[in-house]
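Trainee:
Residue numbers (this note's numbering): 283 to 795.
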């Protein structure tokens with residue numbers, strides 16, 4: 283079996299492992315960069331939203347303070363503040379004021395506003411929750427009509443006189459503002475004009491007047507400053523700056539999936555099922571720390587192929603393939619050099635242990651094999667046979683036909699003996715025309731005689747050398763371990779002696795040219 287046969291697969295596996303590891307490092311780095319970028323952007327968005335809601339709170343509190351300082355219905359000063367804020371903050375739709383009016387004062391109050399503000403002023407109610415139709419205000423203990431608007435757009439006269447207390451969700455926020463004496467927002471709703479908005483209420487407290495002197499019946503302040511904020515304009519610039527994100531801003535009284543509480547929701551980003559399987563989904567979810575506007579910002583982003591530096595990966599794999607072929611080249615050169623050295627080593631081993639002419643084991647290899655065979659025979663308590671063989675009348679062949687013919691005869695002789703023995707038996711050429719055979723694991727002397735007879739029978743057939751038929755006989759001497767001897771030297775000596783006895787008793791074969 284040739285060594286290094288698994289070198290190429292090993293080089294390929296090592297290369298593939300290194301490439302996958304390097305690609306994994308790059309991909310992991312890209313994903314971490316994408317995560318850091320997501321965290322930075324979401325924190326910036328969150329801070330932007332937080333700052334904006336704080337600004338809203340400051341604006342409505344400033345509006346309430348302006349109303350309080352300006353005095354009752356000093357519209358000029360109040361409108362001046364509102365106009366300045368509207369110019370600076372386009373997300374503000376309206377500044378409004380609502381006042382608490384007792385039922386007994388309703389007619390007188392309507393007449394006063396008709397002469398001083400708008401001739402068709404009338405306290406009415408609007409059903410936000412149901413069919414959204416205008417109708418006369420129902421008779422009740424008090425009303426909370428809107429008495430001031432800035433700006434006063436075309437069609438805004440419809441809103442003047444709107445009884446805020448006629449809406450249950452608006453009244454809930456009013457009562458909460460009264461309880462906390464702080465700014466309180468409503469849930470998002472659709473304005474009469476059709477835009478999504480929410481209101482921020484701020485109770486108006488007159489400076490220098492004790493709260494006990496206020497009319498606090500029905501658990502409400504006498505008047506409230508109202509800031510009407512358009513949801514679509516409030517965070518549009520900030521929240522639409524990252525179209526790859528799925529952003530949802532909603533009131534904390536509702537869940538993320540309820541449209542009723544949603545202030546802003548971006549369309550879903552498209553990602554493949556494979557991207558969802560291979561890449562993580564990044565999620566940001568945090569409540570804004572603001573009592574007046576308790577909003578929750580939810581941001582999701584499914585990472586995909588665009589998170590990867592594909593050009594860098596292409597460069598890495600391109601360089602990797604080049605390095606792979608370079609590695610294969612050097613591996614091939616190393617493999618060939620190793621095979622050449624191994625072949626040279628095998629050749630040296632073969633030359634050191636085999637006869638150059640016949641390819642049989644030489645004397646050194648024979649002695650080594652005999653030594654190990656004796657150890658095995660002693661260990662397994664079996665017999666071992668030695669055959670010492672010598673060709674009859676070999677010298678005349680060399681003399682009459684030349685050394686080339688003699689060499690060919692020796693090669694044919696080794697092949698003929700090999701055809702008579704087992705594969706595991708060791709045949710060696712000792713020197714000249716002498717051959718020695720080691721028979722391992724034999725049963726008895728008869729087994730040795732059987733091999734001797736088989737070899738001699740094979741030599742009855744003439745050899746064909748240079749188109750000449752030559753009859754060559756063979757003399758064979760045997761020895762058996764442990765019957766004839768106990769050591770290698772003694773076994774070989776005994777077989778040698780028996781070979782000479784056999785040669786003397788045999789007749790020389792006739793030679794025909």
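Heads up, the beta-carbon is just placed ideally off N, CA and C, and yes, glycines get one too.
#1: Would you give the residue range spanned by the beta strand (DSSP E) that residue 512 belongs to?
#2: Please say whether residue 583 and residue 526 have beta carbons closer to each other than 8 Å?
#3: If you drop the 5 nearest sequence neighbours on each side, which residues of the same chain put their C-beta closer than 6 Å to that of residue 575?
#4: Could you name the residues of the same chain whose beta carbon sits closer than 8 Å to that of residue 572, not counting the 5 residues immediately before and after it, in chain order?
#5: Suppose the cutoff is 8 Å on Cβ atoms and the five residues either side in sequence are ignored; what does the same chain contact list for residue 779 look like?
#6: Counting only runs of 4+ residues fully inside the stretch 636-683, write out the alpha helix (DSSP H) ranges in chain order.
#7: Once you ignore the five residues that flank residue 378 on each side, which residues in its own chain have a CB closer than 7 Å to its CB?
#8: Suppose contacts are defined by Cβ-Cβ distances below 8 Å. Is residue 700 in contact with residue 715 by that definition?
#9: Please go through the same chain and pick out, in chain order, the residues whose beta-carbon is closer than 6 Å to the beta-carbon of residue 494, but skip the five residues on each side of it.
#10: Distance, Cα to Cα, residue 435 vs residue 368?
#11: Can you tell me whether residue 420 is buried or exposed, with buried defined as 16 or more other CB within 10 angstroms of its CB?
#12: Classify residue 535 as helix, strand or coil using the three-state DSSP reduction.
#13: Label residue 533 either buried or exposed according to how many other C-beta atoms from any shown protein chain fall within 10 Å of its C-beta, with 16 as the threshold for buried.
#14: To which residues of the same chain is residue 418 closer than 7 Å at the C-beta, ignoring the five residues directly before and after it?
#15: On the three-state DSSP scale, how would you describe residue 575?
#16: Under a Cβ-count criterion, where at least 16 other Cβ atoms within 10 Å of its own Cβ denotes burial, should residue 543 be classed as buried or exposed?
#17: Of the choices 535, 787, 686, 305, whose alpha-carbon is the least far from that of residue 590?
#18: Starting from the C-beta of residue 492, find all residues in its chain whose C-beta is less than 8 Å away, skip the five residues before and the five after it, and write them out in chain order.
#19: Is it the case that the stretch 312-319 contacts the stretch 636-645, given that we only count it when at least three CB pairs across the two stretches are under 8 Å?
#20: Measuring CA to CA, which of 770, 560, 521, 606 is closest to residue 330?
#21: Spell out a yes or no on whether the stretch 735-746 and the stretch 764-780 are touching, meaning 3 or more CB-CB pairs, one atom from each, closer than 8 Å.
#22: Going straight from the alpha carbon of residue 774 to that of residue 781, what length do you get?
#23: Would the beta-carbon of residue 708 fall within 8 Å of that of residue 651?
#24: Note down, one range per segment and in chain order, each alpha helix (DSSP H) of at least 4 residues found wholly within the stretch 727-757.
#25: Taking the alpha-carbon positions, what's the residue 735 to residue 711 distance?
#26: Would you kindly check if the distance between the Cβ of residue 344 and the Cβ of residue 363 is under 8 Å?
#27: From the DSSP output, in three-state form, read off residue 434 for me.
#28: Would the beta-carbon of residue 459 fall within 8 Å of that of residue 506?
#29: Where residue 365 and residue 513 are concerned, what is the direct C-alpha to C-alpha distance, given to the nearest angstrom?
#30: Which residues in the same chain as residue 516 place their Cβ atom closer than 6 Å to its Cβ, once the five residues preceding and following it in sequence are excluded?
#31: Can you give me the Cβ contacts of residue 598 inside the same chain, cut-off strictly under 7 Å, excluding the 5 residues immediately before and after it?
Mentor: This is what the structure holds:
#1: Unbroken beta strand (DSSP E) run through residue 512: 505-512.
#2: In this structure, residue 583 lies closer than 8 Å to residue 526 by Cβ.
#3: So the list reads 335, 467, once near-sequence residues are dropped.
#4: Cβ neighbours of residue 572 beyond the five flanking positions: 332, 335, 336, 339.
#5: Here the set comprises 759.
#6: You should have 645-662, 677-683.
#7: Excluding residues up to 5 positions away in sequence, 428, 430, 431, 508, 510 lie with their Cβ nearer than 7 Å to the Cβ of residue 378 in the same chain.
#8: No, Cβ-Cβ distance for residue 700 and residue 715 is not below 8 Å.
#9: With a pLDDT of 39 at residue 494, under the threshold of 50, the predicted position of this residue should be treated as unreliable, and no value is reported.
#10: So the alpha carbons of these two residues sit roughly 13 Å apart.
#11: Per the 10 Å Cβ criterion, exposed.
#12: It is coil, neither helix nor strand.
#13: Burial of residue 533 is indicated by the presence of at least 16 other C-beta atoms within 10 angstroms of its C-beta.
#14: These residues qualify, in order along the chain: 406.
#15: Correct three-state label for residue 575: coil.
#16: Burial of residue 543 is indicated by the presence of at least 16 other C-beta atoms within 10 angstroms of its C-beta.
#17: With distances taken between Cα atoms, residue 590 lies closest to 305.
#18: Interpretation of residue 492 is limited by its pLDDT of 39, a score under 50 that renders its predicted location unreliable; no figure is taken from the coordinates.
#19: Short answer: they don't touch.
#20: Looking at the Cα atoms, 521 is the closest of the given residues.
#21: The stretch 735-746 vs the stretch 764-780: no contact.
#22: Cα-Cα distance, rounded: 10 Å.
#23: Yes.
#24: Complete alpha helix (DSSP H) runs here, min 4: 727-740.
#25: Using only the alpha carbons, I get a separation of about 20 Å.
#26: Yes.
#27: Coil at residue 434, not helix or strand.
#28: In contact: residue 459 and residue 506 (Cβ atoms closer than 8 Å).
#29: Their Cα atoms are separated by approximately 20 Å.
#30: Within the same chain, residue 516 has close Cβ partners 373.
#31: Within the same chain, and ignoring the five residues on either side of residue 598 in sequence, the residues whose Cβ sits closer than 7 Å to its Cβ are 304, 305, 308.
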